[in-house]
Each structure stands twice: as C-alpha cells, then as structure tokens.
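Be aware that the sequence shown starts at 2, since it is given in this note's numbering, and climbs by one per residue. Reading through the structure tokens given below for one structure.
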Amino acid sequence: MKVPQETVCLSAAALRRNWWWTGFLSLLFAGVAVATALNSPQSSRWWWVGGLGVTGLASVFYMINRGCGRTLLTERGMEFRTFLSRRHVPWADIVEIETRAHYTRGGSWWDLRVVRAQGRPLTIPGAFAQRLRDPEFQQKLATIHEHWSRASGVMRSPFPD
C-alpha cells in the first residue's frame, strides 16, 4: 500500500508567533546595540557594537531558519528542509524519535529529534512548541511515528507509558 507524503511544519498561527518574536528580538538587539554605541568609551565602542551585532544576527537567523523549516515524510524516509539546507534521513537509519526540552530564563520550549544508528541526532524542522502538551505538537509526533511504523513494519507508540 502506498503511503501518502505528509509535511510537518508550523501552522499559520505558530508561524505568525515566530515572526513576531523574531521582530521583537531584532528590535531588542538593535536597541541594545544603539545604547551601547552611545554609552561606550570611544576606544572599545565598535568591539561591543560588533559583538552585539553578530550575536543578534545569529539569533535572528536561527529563529528565521527554525520558522521556515519543514519536514517531508515519504515512503523512503524524512526529508528535512530549512532555509539553507536539505537533508534526507532513511527510515532504516532511525533508532528513536525523542522529545527534547529546552529551559531558559525566558521560558521553555520542546522540539523533536531523530536519533540515528550512526551519526549525531538531528532536530526535526517544523516540529517545536512552547508547551509539551500542545495538541498540534502531539499530532506531529504521532504522524511521524505512524510513518516510521509503516515503513519499518514495527508498531511504535509515540507516547511512553
């Protein structure tokens, strides 16, 4: 039986939220860079502004890449597509799909990661959430597990007992 392809990506609301936070972060870094430029001594001013600029650009680029990322689930495997890269991971190479938590002072978020038999684990583009019990996030996890189970012939539950 042919398995239809599915795409795992952010919903329109989640994408809007990601763009809003990206804009907020951009303005925050720009404001701090301007304040630093105005208040730093002349001799070290551009080192501070340059360092803040590079850090800000890296953070904003990360958020844009995260928001634009998507995963195509096919019969052969998972195709990761981000702003700059494309990668294919065959179903046979996957050992586990895990939920990973990130905790910071500003809050927490969860994403999904593919653990491969050989090589480092890879974050699945298009699958992250601000809450662990987010129904949309849980649906993405279930969809990925369903495709993985069909491809391998082994039934796997996405939710541990």
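Just so you know, even glycine gets a beta-carbon here, dropped at the ideal spot from N, CA and C. Every value quoted in this text rests on a predicted model; they were computed, and no experiment measured them.
Taking Cβ to Cβ, would you say residue i is nearer than 7 angstroms to residue j?
i: R71; j: P126; result: yes
i: M64; j: T23; result: yes
i: L16; j: G68; result: yes
i: T37; j: V55; result: no
i: I98; j: I145; result: yes
i: D26; j: S60; result: Here residue 26 is Leu; the residue named in the question, Asp, does not match the sequence. Yes.
i: L53; j: A34; result: yes
i: F1; j: N66; result: The structure shown does not extend to residue 1, since the chain is modelled only from 2 to 162, so the question has no answer here.
Can you tell me which of the options puts its alpha carbon nearest to the alpha carbon of residue i?
i: H89; options: N40, T100 and E76; result: E76
i: C10; options: A31, L39, F129 and G51; result: F129
i: V115; options: A13, L53, R18 and L74; result: L74
i: L133; options: R121, W111, L142 and A118; result: W111
i: A93; options: K141, R18 and R151; result: R151
i: D135; options: W20, T100 and S153; result: T100
i: H148; options: R117, P91 and Q119; result: P91
i: Y104; options: F138, E137 and Q131; result: Q131
i: P5; options: M79, G57 and R117; result: M79
i: F62; options: Q140, F138, L39 and N19; result: N19
Is residue i helix, strand or coil when you go by DSSP?
i: L113; result: strand
i: P136; result: helix
i: R77; result: coil
i: T124; result: strand
i: A93; result: helix
i: F84; result: coil
i: G70; result: coil
i: A118; result: coil
Taking only runs of the alpha helix (DSSP H) that begin and end inside the region 8-51, which ones reach a length of at least 4 residues, in chain order?
Within the region 8-51, the complete alpha helix (DSSP H) segments at least 4 residues long are 13-40, listed from N- to C-terminus.
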